[in-house]
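So the sequences go chain by chain: A and B.
Reminder that position 3 of the first sequence reads as 3 in the numbering used here, one-by-one numbering, no gaps.
Reminder that position 33 of the second sequence reads as 33 in the numbering used here, one-by-one numbering, no gaps.
Note that the Cβ used here is the ideal one computed from N, Cα and C, for glycine as well.
The structure appears right after this line, and notes come after that.
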Amino acid sequence: DAGITQSPRYKITETGRQVTLMCHQTWSHSYMFWYRQDLGHGLRLIYYSAAADITDKGEVPDGYVVSRSKTENFPLTLESATRSQTSVYFCASSEPQGGRKVEQYFGPGTRLTVT
Amino acid sequence: QKEVEQDPGPLSVPEGAIVSLNCTYSNSAFQYFMWYRQYSRKGPELLMYTYSSGNKEDGRFTAQVDKSSKYISLFIRDSQPSDSATYLCAMSAGSGYSTLTFGKGTMLLVSP
C-alpha cells in the first residue's frame with residue numbers, strides 16, 4: 001500500500017532553471033493538492049486539482065505550473081526557479097464525499113533548495 | 001485577523017503530563033475540524049477528525065470543538081516523548097469547499 005509518494009525527496013537547483021516535482025497516489029483520490037511549508041508561514045496552498053485536466057490556483061500560485069493528465073499523478077513545475085522558492089513542498093490528496101470526508105493525506109515532502 | 005490562529009510554541013512538558021493544544025478561528029462556516037501531527041522532516045499525518053461541535057476521543061487523544069466560541073482543542077493524556085512533534089489544526093466549510101485552512105502549528109516537546 002504505497003499511498004502517496006513524492007520524488008525527488010531532496011533537490012538542489014540553480015536560479016533560473018526549470019524543475020519538476022512529482023507526486024503519485026495509489027488511492028484513486030479525485031482531489032490532489034500542492035503546498036509549500038516555510039517557517040513562519042505554515043502550509044500554503046499552491047495549486048489543487050479536482051480531477052484529471054481540472055486545476056485551480058491556491059494562495060501562492062505565482063511561478064508554478066501544474067498539470068494533471070492522469071488521476072494518480074500531479075506534477076508541480078517551477079518554470080524558472082528563484083531563491084524565494086526554496087521550501088519544503090508537500091503533495092496531498094483527498095476524496096470528498098458530498099462535502100464530507102474533506103480530510104487530506106500528505107506525502108513525505110520534497111525539500112527544494114534554489115541557489 | 002488570520003482565519004486560523006495557533007500559538008507556535010514551543011510547548012515543553014514532562015512525560016505523563018496532560019497537554020492542551022488550541023486553535024481559534026474566525027470563519028463561522030467551518031464545520032469540519034482536523035488535527036495533524038508532523039514529525040520533523042516528515043509529512044503531516046491525520047490524527048483526529050471531527051464534524052461540527054462536540055468531543056471525539058481516540059486513545060490518549062481527545063478533540064474538542066466549540067463552534068459558539070470558534071475554538072478547537074486537542075488534549076493529549078499521559079504524554080510521551082514520542083508525542084514530540086508539531087501539531088497543526090485544519091478546518092473546512094465542507095459542502096463543496098474541498099480546500100483546508102491550516103493553523104501554523106504548535107511545536108510540542110515532551111521530555112522524559
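Best match in A:Gly-58, A:Thr-113, A:Val-60 for proximity to Thr-82 of chain A [C-alpha to C-alpha]: Here residue 82 of chain A is taken as the residue at index 82 of the first sequence, counted from 1. Per the Cα distances, A:Thr-113.
query: For the segment 78-96 of chain A, which residues have a CB atom closer than 9 Å to at least one CB atom of chain B, in sequence order?
result: Val-88, Phe-90, Cys-91, Ala-92, Ser-94, Pro-96
query: Which word fits His-24 of chain A, buried or exposed, when buried means at least 16 other C-beta atoms lie within 10 angstroms of its C-beta?
result: For the purposes of this step, residue 24 of chain A is taken as residue 24 along the first sequence, with counting starting at 1. When all chains shown are included, His-24 of chain A counts as buried.
message: Looking at chain A, is there any beta carbon in it that lies within less than 8 Å of the beta carbon of Pro-10 of chain B?
response: If you number the second sequence from 1, residue 10 of chain B lands on position 10. No, because no Cβ of chain A sits closer than 8 Å to the Cβ of Pro-10 of chain B.
task: Measure the alpha-carbon distance for Asp-38 of chain A versus Pro-10 of chain B and round it to whole angstroms.
output: The residue given as residue 38 of chain A occupies position 38 in the first sequence. The residue given as residue 10 of chain B occupies position 10 in the second sequence. Spanning the two alpha carbons is a distance of roughly 17 Å.
- request: Identify the continuous beta strand (DSSP E) that holds Ser-183 of chain A and give its terminal residues.
  value: Within the shown structure, residues of chain A are numbered from 1 to 115, placing residue 183 of chain A beyond reach of any answer.
query: Quick one: what does DSSP say Ser-82 of chain B is sitting in, helix, strand or coil?
result: As a first step, residue 82 of chain B must be located in the second sequence, where it is residue number 82. Reduced to three states, the DSSP call for Ser-82 of chain B is helix.
query: Using the beta-carbon count (16 or more within 10 Å), is Gly-16 of chain B buried or exposed?
result: Residue numbering aside, residue 16 of chain B sits at position 16 when the second sequence is read from its first letter. By the neighbour-count rule (16 or more Cβ atoms within 10 Å), Gly-16 of chain B is not buried but exposed.
field: Enclosing beta strand (DSSP E) for Thr-99 of chain B [first to last residue]
entry: Numbered from its first residue, the second sequence carries residue 99 of chain B at position 99. In the DSSP annotation of this structure, Thr-99 of chain B is not part of any beta strand (DSSP E), being labelled neither H nor E.
message: Classify Tyr-87 of chain B: buried if its beta carbon has 16 or more other beta carbons within 10 angstroms, exposed otherwise.
response: Here residue 87 of chain B refers to the residue found at position 87 when the second sequence is read from its first residue. By the 10 Å Cβ count, Tyr-87 of chain B comes out buried.
task: Sort B:Ile-18, B:Val-19, B:Ser-26 by Cα distance to Lys-70 of chain B and report the nearest one.
output: Sequence index remark: in the second sequence, residue 70 of chain B carries index 70 (1-based). Comparing Cα-Cα distances from Lys-70 of chain B to each of B:Ile-18, B:Val-19, B:Ser-26, the minimum goes to B:Ser-26.
- request: State the DSSP-derived secondary structure class of Gln-31 of chain B, mapped to helix, strand or coil.
  value: Counted from its first residue, the second sequence places residue 31 of chain B at position 31. The answer is coil: DSSP assigns Gln-31 of chain B none of H, G, I, E or B.
message: Can you pull out the residues from the segment 1-32 of chain B whose beta carbon lies closer than 7 Å to at least one beta carbon of chain A?
response: Along the segment 1-32 of chain B, going in chain order, the ones with a CB nearer than 7 Å to a CB of chain A are Tyr-32.
- prompt: Span of the beta strand (DSSP E) holding Ala-63 of chain B?
  reply: Here residue 63 of chain B corresponds to residue number 63 of the second sequence, with the count starting at 1. 61-66 is the span of the beta strand (DSSP E), which, as asked, contains Ala-63 of chain B.
query: Is the Cβ of Val-60 of chain A closer than 8 Å to any Cβ of chain B?
result: Counting from one through the first sequence, the residue named residue 60 of chain A turns up at place 60. Val-60 of chain A does not count as touching chain B.
message: Please classify Ser-49 of chain A as buried or exposed, where buried requires at least 16 neighbouring CB atoms within 10 angstroms.
response: Working through the first sequence from its first residue, we reach residue 49 of chain A at position 49. In this structure Ser-49 of chain A is buried. Its beta-carbon is surrounded by 16 or more other beta-carbon atoms within 10 angstroms.
- prompt: On the three-pair Cβ rule with 8 Å, is the segment 83-93 of chain A touching the segment 2-16 of chain A?
  reply: yes
- request: Would you identify the three-state DSSP class for Gln-18 of chain A, choosing helix, strand or coil?
  value: Here residue 18 of chain A refers to the residue found at position 18 when the first sequence is read from its first residue. Residue state, collapsed to three classes: coil.
query: Which value, in whole angstroms, describes the spacing of the CA atoms of Pro-75 of chain A and Pro-44 of chain B?
result: Here residue 75 of chain A refers to the residue found at position 75 of the first sequence. Here residue 44 of chain B refers to the residue found at position 44 of the second sequence. The straight-line gap from Cα to Cα measures roughly 19 Å.
Under the three-state DSSP convention, the category Gln-6 of chain B falls into: Position 6 of the second sequence, counted from the start, is the residue given in the question as residue 6 of chain B. Gln-6 of chain B falls in the coil class under three-state DSSP.
query: Buried or exposed: Gln-80 of chain B, going by 16 or more other Cβ atoms within 10 Å of its Cβ?
result: Locating residue 80 of chain B in the second sequence gives position 80, where the first residue counts as 1. Exposed: under 16 other Cβ atoms inside 10 Å.
query: Taking just the CA atoms, how far does Leu-45 of chain A sit from Arg-36 of chain A?
result: Position 36 of the first sequence, counted from the start, is the residue given in the question as residue 36 of chain A. Position 45 of the first sequence, counted from the start, is the residue given in the question as residue 45 of chain A. When rounded, the distance between both Cα atoms is 7 Å.
query: Does the beta carbon of Leu-100 of chain B sit closer than 8 Å to a beta carbon anywhere in chain A?
result: Here residue 100 of chain B corresponds to residue number 100 of the second sequence, with the count starting at 1. For Leu-100 of chain B, the answer is yes, since a Cβ of chain A falls inside 8 Å of its Cβ.
- prompt: DSSP beta-bridge partners for Phe-74 of chain A?
  reply: In the first sequence, counting from the first residue as 1, residue 74 of chain A sits at position 74. For Phe-74 of chain A, which the question treats as bridged, DSSP gives no partner whatsoever.
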